[in-house]
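Below is one structure; the comments refer to it alone.
Chains as they are written, first to last, in the working numbering: chain U, 1 to 111; chain S, 112 to 223.
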């Protein structure tokens, strides 16, 4: 199976919370990342969490990490139309310089 | 702020042409990466370089080569472009030992 898995699509209404989920398989992951890609653009680093943490909050963003289940989530509070984008989960592994990315979740925010 | 730039946003080439994609970063990063992005597949690593003239194959290097003659510049070369290389190409850079990567805006390549 894939190293990092995400659902492909999520639709929410403006003002609601969005939760984007990700599962990974490598227990040796050191950091886990969330990147955002707006239409026609490159990837922008949103936030990351070190593998010995279980939660990180940054303004409207909350990252939760469950190491036992190898599950990572990104919660966006008060979702806005400007949050519409593709969100990629990625992991770094010991001994590998590059990141391993999921397939991306397209978030659609409806007015 | 780290800035990673790519020479073209859009390129249209014909099958069999030699194609050069250029990437430049201004933060003196040792590591540079080339990924391709395809719908439903996420980003897949083509090649990366950890120093000038040093390179390693990624997960999908077939049909590609790279060049790193200067620290700030990392080029991706398609020796003979094929239609299955139509894709979005993303360059990234990072410091050694730092997993956080910074991405350029991408080059959307169409091979006819």
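Idealized CB from N, CA, C, for every residue including glycine. Because the structure is a prediction, the values reported are computed rather than measured.
Residue i classed as buried or exposed, judged by whether at least 16 other C-beta atoms fall within 10 angstroms
| i | result |
| --- | --- |
| residue 123 of chain S | exposed |
| residue 91 of chain U | buried |
| residue 98 of chain U | buried |
| residue 80 of chain U | exposed |
Sheet register partners of residue i (DSSP bridge)
| i | result |
| --- | --- |
| residue 80 of chain U | DSSP lists no partner for residue 80 of chain U. |
| residue 106 of chain U | U:9 and U:86 |
Any chain S beta carbon closer than 8 angstroms to residue i
| i | result |
| --- | --- |
| residue 48 of chain U | yes |
| residue 1 of chain U | Residue placement at residue 1 of chain U cannot be trusted, given a pLDDT of 43 that sits under 50; what the coordinates show is reported in the next sentence. No - not a single Cβ of chain S is within 8 angstroms of the one on residue 1 of chain U. |
| residue 98 of chain U | yes |
| residue 82 of chain U | no |
| residue 103 of chain U | yes |
Cα-Cα separation between residue i and residue j, rounded to whole angstroms
| i | j | result |
| --- | --- | --- |
| residue 170 of chain S | residue 211 of chain S | 19 angstroms |
| residue 46 of chain U | residue 199 of chain S | 21 angstroms |
| residue 131 of chain S | residue 197 of chain S | 14 angstroms |
| residue 185 of chain S | residue 166 of chain S | 10 angstroms |
| residue 142 of chain S | residue 207 of chain S | 6 angstroms |
| residue 55 of chain U | residue 69 of chain U | 14 angstroms |
Neighbour flag for residue i against chain U, beta carbons, 8 angstroms
| i | result |
| --- | --- |
| residue 122 of chain S | no |
| residue 200 of chain S | no |
| residue 214 of chain S | yes |
Let me know the beta strand (DSSP E) ranges lying completely inside the segment 37–80 of chain U, each 3 residues or longer, listed in chain order.
43–50, 55–58, 61–66 and 71–76
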